Amino acid sequence: MTDALEEVFRREAGRCTATLIRVLGDIDLAEDAVAEAFATAAERWPKTGIPPNPGGWITTTARNRAIDRLRRESTRSDRHLEAHRLHTDSMDPDHDPELDRLDDFVDVVPDDQLRLMFLCAHPALAADAQVALILRLLASLETKEIAKAFLVPEATMAQRIVRAKRKLHDNHASYRIPRAAELPDRLHAVLTAIYLIYTEGHTATSGQSLTRTGLSTEAVRLGRTLIELMPDEPEAIGLVALMLLTESRRPARSSNCGTMVRLADQDRSRWDPALITEGHELVRACLRRNQPGPFQIQAAIAAVHAAAPTAEATDWSQIIALYDQLYALRPHPVVALNRSVAIAELHGPAEGLAALAEIDTATLDKYQPYHAARADLLALAGRRDEALGAYDRAIELTTNAVERDFLVRQQAAL
Amino acid sequence: MPQYLISVWHDETFEVDFSTPDAQRRVAQVDAFNSELQQAGAWVFAAGLHPASSATVVRSSGGDVSMTDGPYAETKEQMGGFWVIDATDLDAALEWAGKAAAACEGPVEVRPAQG
Numbered sequence: 539m540t541d542a543l544e545e546v547f548r549r550e551a552g553r554c555t556a557t558l559i560r561v562l563g564d565i566d567l568a569e570d571a572v573a574e575a576f577a578t579a580a581e582r583w584p585k586t587g588i589p590p591n592p593g594g595w596i597t598t599t600a601r602n603r604a605i606d607r608l609r610r611e612s613t614r615s616d617r618h619l620e621a622h623r624l625h626t627d628s629m630d631p632d633h634d635p636e637l638d639r640l641d642d643f644v645d646v647v648p649d650d651q652l653r654l655m656f657l658c659a660h661p662a663l664a665a666d667a668q669v670a671l672i673l674r675l676l677a678s679l680e681t682k683e684i685a686k687a688f689l690v691p692e693a694t695m696a697q698r699i700v701r702a703k704r705k706l707h708d709n710h711a712s713y714r715i716p717r718a719a720e721l722p723d724r725l726h727a728v729l730t731a732i733y734l735i736y737t738e739g740h741t742a743t744s745g746q747s748l749t750r751t752g753l754s755t756e757a758v759r760l761g762r763t764l765i766e767l768m769p770d771e772p773e774a775i776g777l778v779a780l781m782l783l784t785e786s787r788r789p790a791r792s793s794n795c796g797t798m799v800r801l802a803d804q805d806r807s808r809w810d811p812a813l814i815t816e817g818h819e820l821v822r823a824c825l826r827r828n829q830p831g832p833f834q835i836q837a838a839i840a841a842v843h844a845a846a847p848t849a850e851a852t853d854w855s856q857i858i859a860l861y862d863q864l865y866a867l868r869p870h871p872v873v874a875l876n877r878s879v880a881i882a883e884l885h886g887p888a889e890g891l892a893a894l895a896e897i898d899t900a901t902l903d904k905y906q907p908y909h910a911a912r913a914d915l916l917a918l919a920g921r922r923d924e925a926l927g928a929y930d931r932a933i934e935l936t937t938n939a940v941e942r943d944f945l946v947r948q949q950a951a952l
Numbered sequence: 050m051p052q053y054l055i056s057v058w059h060d061e062t063f064e065v066d067f068s069t070p071d072a073q074r075r076v077a078q079v080d081a082f083n084s085e086l087q088q089a090g091a092w093v094f095a096a097g098l099h100p101a102s103s104a105t106v107v108r109s110s111g112g113d114v115s116m117t118d119g120p121y122a123e124t125k126e127q128m129g130g131f132w133v134i135d136a137t138d139l140d141a142a143l144e145w146a147g148k149a150a151a152a153c154e155g156p157v158e159v160r161p162a163q164g
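Chains A and B, in that order, are what the protein sequence lines are. Here the numbering used here is used: the first residue of the first sequence is 539, the next is one more, and so on. Here the numbering used here is used: the first residue of the second sequence is 50, the next is one more, and so on.
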């Protein structure tokens, strides 16, 4: 029963919270109410069995509990509700804070989850706050778990979440899906936040272990939810494809003793074929729509890597063409950096270093992968002294212990 | 309806010479933005300010009032002007702010009013 309840929680808690925020107009009230409803379920369901529509049961119970509580705590509960209400598009009977229809069944509206995604990833919030809110409200992780995943003290994470919620509240942020004109930018913010969760799980920015699988799993789950909710957005499909194809390489990314293995040196028989197949299908599905975007192009690059039976067989000219396309959309130095590495693979380290030299490195000077890539290319080109210096800089900038070990070994091998 | 402060920020050394074509272009842009705010019923109040060096800080403690010359915060960036607008929600306020930033060709800060 505990497992079954846990499964319902994982599947439904975010959706219920999303709906309750709309119904109650208040994030904190919604969170408390959902937690209370799950506590009630934990007591009751072992005796009664899981109801046929557990999400609806939780949502309705949570709403009734919240309204009971408002009535207990205030004789003017409707005014309290009104004062705390987030603005919603008036499209639902629940918009009216009518307290006499307690027996009405509250439907879980899929759009509520989308509203919550856009609210959490609001561009007025800093990236770390967006990520924290998404994990708290949509993935229903405990603040303690989120703090652990990001290696910050629980109090710091709690404060980050409280501040973000308060900013949205004080600023009268609306609970709505952006209009068509705003949608591309706002959707990109949601996708970027989910991808940030994924990459944090993929290469932990600090600590002893190379990956924190839990975060990556949550990011993939959020991405899959998003494409269910927005099946016509090729960028959302591209994001999921990118995550799955990157994920497929996870088993080969670290050796048995926990050291990091680079893409070129990975044992490709350890890549997950099911994830690669699904990733390829998604890449094809989104490219068919012919509305290329940055996540789709990155997914296509990952797909080219995944299609190569050996590192030598990689179609580097295809990868360079994709990086050119990506750079045209997002002229960012990191894209130019990755393109230079691909050029080095196709035309040799000298050409790669020439491409690197063209990049405006002001923004890359504190970017560890830039120095690591440059060090590799300098080493390959036989420029040993410069390579040693570049490794020094890369090691200095590395906060992940496994990556540092790797770079130290590379440098020592010179 | 919620109200928001949109403030304009620039270096304290910033001094507008209204005779330059750049300044005149910005003045025209801000005038057009003001008209748009008024036509949309979003206008509450707005003002451009004299340089921060014209400011006086006034303190009151135990019935005694004291004054010091200069702005409250001796920072490099100072507020050069502001709007107070009515907006239905944050997104509407941010949309106005985007137009304000374009009109005055510089960064603006959006802050909700209490109440």
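Glycine included, C-beta positions come from ideal geometry on N, C-alpha and C. Please read all numbers here as calculations on a predicted model, not as lab measurements.
Closer than 6 Å by C-beta to residue i: which residues in its own chain qualify, once you throw out the five before and the five after it? Chain order, please.
i	result
A779(A)	G817, L820, V821 and A837
E158(B)	S56
W92(B)	L86
In chain A, which residues lie less than 7 Å from residue i when you measure between Cβ atoms?
i	result
P120(B)	Those within 7 Å of P120(B) in chain A number zero; the least Cβ separation is about 26 Å.
P51(B)	H710
L54(B)	Those do not exist, as L54(B) stays about 12 Å from chain A at its closest Cβ, beyond 7 Å.
Look up residue i in the DSSP assignment and say whether it is helix, strand or coil.
i	result
L54(B)	strand
N83(B)	helix
I765(A)	helix
T937(A)	coil
Q829(A)	coil
A577(A)	helix
T626(A)	Its pLDDT being 47, under 50, T626(A) is placed unreliably by the model, and the measurement read from it follows with that caveat. Looking at T626(A) - three-state DSSP - the assignment turns out to be strand.
R603(A)	helix
R160(B)	strand
G129(B)	strand
T557(A)	helix
W92(B)	strand
Y865(A)	helix
Y713(A)	strand
T540(A)	helix
R800(A)	coil
R912(A)	helix
V690(A)	coil
T815(A)	helix
R674(A)	helix
G147(B)	helix
S793(A)	coil
Pull up the CB-CB distance for residue i and residue j, whole angstroms please, since I reckon it's below 8 Å.
i	j	result
L916(A)	A928(A)	6 Å
R912(A)	A893(A)	Wrong, their Cβ atoms sit about 11 Å apart, outside the cutoff.
Q127(B)	A101(B)	4 Å
T597(A)	L558(A)	6 Å
A104(B)	G119(B)	6 Å
R560(A)	R653(A)	7 Å
L543(A)	W583(A)	6 Å
L725(A)	E756(A)	About 19 Å; that fails the 8 Å criterion.
P871(A)	T852(A)	Rounded, the Cβ-Cβ distance is 23 Å, inconsistent with contact.
L760(A)	L813(A)	At roughly 17 Å, the Cβ-Cβ gap does not stay under 8 Å, so L760(A) and L813(A) are not in contact.
F82(B)	V133(B)	14 Å between Cβ atoms; not a contact.
Near residue i, which residues of its chain fall below 8 Å by C-beta distance, leaving aside the five closest residues on each side in sequence?
i	result
L801(A)	R787, H843 and A849
W809(A)	S786, R787, P789, A790 and A844
D862(A)	R877
Name, please, each residue of chain A whose Cβ falls closer than 8 Å to the Cβ of residue i.
i	result
L139(B)	H660, A662, L706, N709, H710, A711 and S712
P161(B)	D708, N709 and H710
L86(B)	Within chain A, no residue comes near L86(B); the closest Cβ sits about 18 Å away, beyond 8 Å.
If distances are taken between C-alpha atoms only, which option among the options comes closest to residue i?
i	options	result
T730(A)	A664(A), K705(A) and L825(A)	A664(A)
H660(A)	E680(A), L860(A) and N709(A)	N709(A)
I565(A)	P847(A), D650(A), T737(A) and D805(A)	D650(A)
E934(A)	D914(A), R921(A) and A910(A)	A910(A)
I672(A)	A711(A), I732(A) and I588(A)	I732(A)
W854(A)	G886(A), V690(A), P871(A) and D606(A)	G886(A)
V690(A)	D666(A), K705(A), R704(A) and L706(A)	D666(A)
S678(A)	A573(A), P590(A), R717(A) and R947(A)	A573(A)
Enumerate in chain order the residues of its own chain whose CB-to-CB distance from residue i is below 7 Å, with the five nearest sequence positions on each side excluded.
i	result
G593(A)	E550, R553, C554 and V646
A670(A)	I684, M695, R698, I699 and A702
E692(A)	T681, K682 and A685
D60(B)	K125 and E126
Q906(A)	A932, L935 and T936
L640(A)	In this predicted model, L640(A) has a pLDDT of only 38, less than 50, meaning its place in the structure is not dependable; the value taken from the coordinates is given anyway. So the list reads N602 and I605, once near-sequence residues are dropped.
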